[in-house]
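Note that my numbering has the sequence shown beginning at 87, numbered continuously upward.
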Amino acid sequence: MSGWNVIVIGGGHAGLEAAWAAAKFSRVGLLVGNPATVGRMPCNPAVGGPGKSQLVFEIQALGGLMGRLADDTAIHTRVLNASKGPAVQSLRVQNERDAYAEHAQDVIFSQPEIDVIRGEAADLEADGRGGWLVVTTDGRRLPCRSVVVAAGTFMRAVTWYGRQSRAEGRQGEPPSRFLSAPLERAGHVLKRFKTGTPPRVRADSVDFSSLLEVPADPQPRGFTGTPGPRAQESPTWQTHTTPQTHQLIHENLQESPMFSGDIEGRGPRYCPSIEDKVVRFAHHDRHLLFVEPDGIQTSEVYLQGFSSALPPYLQDQLVRTLPGFEHAVVQRYAYAVEYDVVDSTELTLNMESRRLPGVFTAGQINGTSGYEEAAAQGLVAGTAAARRALELTTEPLGRDTGYIGVLMDDLVFKSSDEPYRMMTSRVEHRLLVRQDNADERMTPLGHRLGLVSDTELRRIEAKYERVAAGMQALTSQRSGGQRGDAWLRRPEFSLPDVEALGISLNAELDASEREAIEIRVKYAGYIARARQQLGAEDRARDLRLDGLDYAAIPSLSNEAREKLGRSRPDTLEQAARLSGVRHADIGALLVHLKKRGVSRET
């Protein structure tokens, strides 16, 4: 092989999507230390959840891979927040952990445009012609036009088990020892972040009869529209910490590398370790934990919410304080991992380095947490890298396009001093960018970028033509003096109730199309109001914030009050760019400014 248009470094969730997207344009090299680890789920064996399922639906609509892998290996599906509005309803899919990685490898390794290269990246060198050489530790110089660095938690990584540490990117895998150096040499500012994972417990040592069982939804859902064949095969369970758990942690905080000061990196605010939870939320006498199977045939369960960096002997004691785990045997111990990340404000919205043109970064290297956030960045970076290699322009995803656009915008303009996690609350107009309309919003964009076929675009267009026809049928028919859509807007009515009145939709509609009609009709007023609010906020971007006392605005979140008071932004637009300042906080500022009679400054 004389060279590749794109070389992707790393085979995690970001690297997979980057390679998959780039291969739709030209030949790709995927550089990994061990091909057997490609697609591995090192943390929770699940995809989706609040804020995250929306990312996966958008990845799917853009021609990505994650939704397909999740559906094919699903063993439990559940729609979270099902009793709430569609803006926050989120699909979560529990996966067969080993099968997910095996399926990912089958897909990637069988793709003729992807060459899997085994090795460790040691350096990045410009070739003097606008391209790059990826230098490996064994001396190979791999030529390409663009590079995507998707190194995850591996750059100069160290794992911690209590006060003991070793050089690892994750349990049992060597770190990326050299990639930080070329980034620093180019002027990138690197930060140290920390994340962790809970212990895995032998399933045959758990008393499941003492746990609260959470069944899968009776009607399974999927990211692709076709749930996997085993999507209802397993329940999950819940347990909780006890006063004994909390006492044992308090008595042994000196054994934690975080509380002893051994770890420098900042950990995630929204997924803290169990010792951090017990200290920060001392007023709680218990914390809910989720018990998730690693698979149908697996010997392990995953204790979601019990991440820890305490030493193994303490983990044994702590786990046995949990209801149902009195005789538990830990099969793999929890650990914390500390690693280098780039300052994402030094990137473009397409994840290209401003200091190293042609070098893109994606995933946890950019300071994010989570499989879904990594996959979204990988798709964006892989697409942009491939189009750059072919001298094609790239259309960045703006904040208004949806969750991926918000993720990109937050990383580039806000950055974060801790691992970033996508949440529905970060998205200003989430009623307009729901998981159910991701295909309508994103598939045309994917087609323009070269990621989605003509056939797939036409399929989605035909779907929404049927939806529009169904809505028209509702408005054109009456029963009892009322139009069909007026009946459907009643809270107690659903489409079958309307049809029982003799109102026909005049078409064969699948479940997703019927859902689309219900949401559009029932929430029509809210959707119209959201669009009006979006326009009002666009017009208010340059409102001045001079002299505001943020402590006197009770509707602000504590985090926003802290960030605004420290940064003192001049305008509302600048305030909206601050990490930790959310849409609700901007709304509170707008209300406060209106009360003060502040007008827009020209």
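For every residue, glycine included, the Cβ atom is placed at its ideal position computed from N, Cα and C.
Give the straight-line distance between the Cα atoms of residue i and residue j, rounded to the nearest whole angstrom.
{"i": "Val114", "j": "Glu337", "result": "52 Å"}
{"i": "Leu339", "j": "Glu361", "result": "8 Å"}
{"i": "Leu543", "j": "Leu535", "result": "12 Å"}
{"i": "Ala236", "j": "Arg520", "result": "28 Å"}
{"i": "Ile95", "j": "Leu116", "result": "6 Å"}
{"i": "Gly410", "j": "Lys363", "result": "21 Å"}
{"i": "Leu560", "j": "Pro577", "result": "16 Å"}
{"i": "Asp495", "j": "Gly484", "result": "7 Å"}
{"i": "Ser346", "j": "Arg352", "result": "14 Å"}
{"i": "Ala646", "j": "Glu504", "result": "15 Å"}
{"i": "Ala131", "j": "Arg183", "result": "In the sequence on display, residue 131 carries Pro and not Ala. Taking the straight line joining both Cα atoms gives about 5 Å."}
{"i": "Ala622", "j": "Gln660", "result": "16 Å"}
{"i": "Asp380", "j": "Glu319", "result": "13 Å"}
{"i": "Gly255", "j": "Leu497", "result": "23 Å"}
{"i": "Pro121", "j": "Gly449", "result": "19 Å"}
{"i": "Ala597", "j": "Pro443", "result": "46 Å"}
{"i": "Arg569", "j": "Gly611", "result": "16 Å"}
{"i": "Glu341", "j": "Gln401", "result": "11 Å"}
{"i": "Glu188", "j": "Asp290", "result": "25 Å"}
{"i": "Thr239", "j": "Ile451", "result": "7 Å"}
{"i": "Gly391", "j": "Lys277", "result": "25 Å"}
{"i": "Ile145", "j": "Ala462", "result": "6 Å"}
{"i": "Leu298", "j": "His326", "result": "10 Å"}
{"i": "Pro655", "j": "Val427", "result": "26 Å"}
{"i": "Arg441", "j": "Leu478", "result": "20 Å"}
On the three-state DSSP scale, how would you describe residue i?
{"i": "Val607", "result": "helix"}
{"i": "Leu631", "result": "coil"}
{"i": "Thr479", "result": "coil"}
{"i": "Val287", "result": "strand"}
{"i": "Pro136", "result": "coil"}
{"i": "Met437", "result": "coil"}
{"i": "Ala147", "result": "helix"}
{"i": "Gly464", "result": "helix"}
{"i": "Lys170", "result": "coil"}
{"i": "Pro198", "result": "coil"}
{"i": "Met557", "result": "helix"}
{"i": "Phe309", "result": "coil"}
{"i": "Tyr612", "result": "helix"}
{"i": "Glu689", "result": "Residue 689 lies beyond the stretch modelled for the chain, which goes from 87 to 688, so this question has no answer here."}
{"i": "His332", "result": "helix"}
{"i": "Tyr419", "result": "coil"}
{"i": "Ala272", "result": "coil"}
{"i": "Glu623", "result": "helix"}
{"i": "Val513", "result": "coil"}
{"i": "Asn592", "result": "coil"}
Take the Cβ of residue i as the centre, count every other Cβ of all protein chains shown within 10 Å, and call the residue buried at 16 or more, exposed below.
{"i": "Ala467", "result": "buried"}
{"i": "His162", "result": "buried"}
{"i": "Gln191", "result": "buried"}
{"i": "Ala422", "result": "buried"}
{"i": "Gln330", "result": "exposed"}
{"i": "Asp525", "result": "buried"}
{"i": "Thr382", "result": "Sequence inspection shows Ile at residue 382; the Thr mentioned does not correspond to that position. Flag for Ile382 reads exposed."}
{"i": "Tyr489", "result": "buried"}
{"i": "Lys680", "result": "exposed"}
{"i": "Phe294", "result": "exposed"}
{"i": "Thr541", "result": "exposed"}
{"i": "His369", "result": "exposed"}
{"i": "Tyr399", "result": "exposed"}
{"i": "Arg372", "result": "exposed"}
{"i": "Asp224", "result": "exposed"}
{"i": "Lys170", "result": "exposed"}
{"i": "Leu658", "result": "buried"}
Tell me, to the nearest whole angstrom, how far the beta carbon of residue i is from that of residue j; I am working on the premise that it is less than 8 Å.
{"i": "Thr283", "j": "Thr407", "result": "Incorrect: roughly 20 Å between the Cβ atoms, too far for contact."}
{"i": "Ser439", "j": "Thr447", "result": "7 Å"}
{"i": "Leu476", "j": "Phe111", "result": "6 Å"}
{"i": "Val202", "j": "Val118", "result": "7 Å"}
{"i": "Val287", "j": "Glu386", "result": "7 Å"}
{"i": "Ala616", "j": "Leu518", "result": "5 Å"}
Could you check whether the Cβ of residue i sits closer than 8 Å to any Cβ belonging to chain B?
{"i": "Arg473", "result": "The question asks about chain B, but that chain is absent: this structure has only one protein chain."}
| Should the region 95–106 be regarded as contacting the region 144–151, the criterion being three or more beta carbon pairs within less than 8 Å? | yes
Touch test, the region 666–679 against the region 628–645, Cβ-Cβ under 8 Å, three pairs minimum | yes
Checklist entry - Can you find at least 3 beta carbon pairs, one from the region 302–309 and one from the region 373–385, that sit closer than 8 Å? => result no
For the 8 Å Cβ check, are there 3 or more pairs between the region 557–572 and the region 580–598? yes
I want to know whether the region 635–652 touches the region 599–610 - three or more CB-CB distances under 8 Å. no
**Prompt:** Does the region 255–264 come close enough to the region 191–209 that 3 or more CB-CB pairs lie under 8 Å?
**Reply:** yes
Is the region 414–421 touching the region 238–256 in the sense that three or more CB pairs, one from each, lie closer than 8 Å? yes
Between the region 128–143 and the region 449–463, do three or more beta carbon pairs fall short of 8 Å? yes
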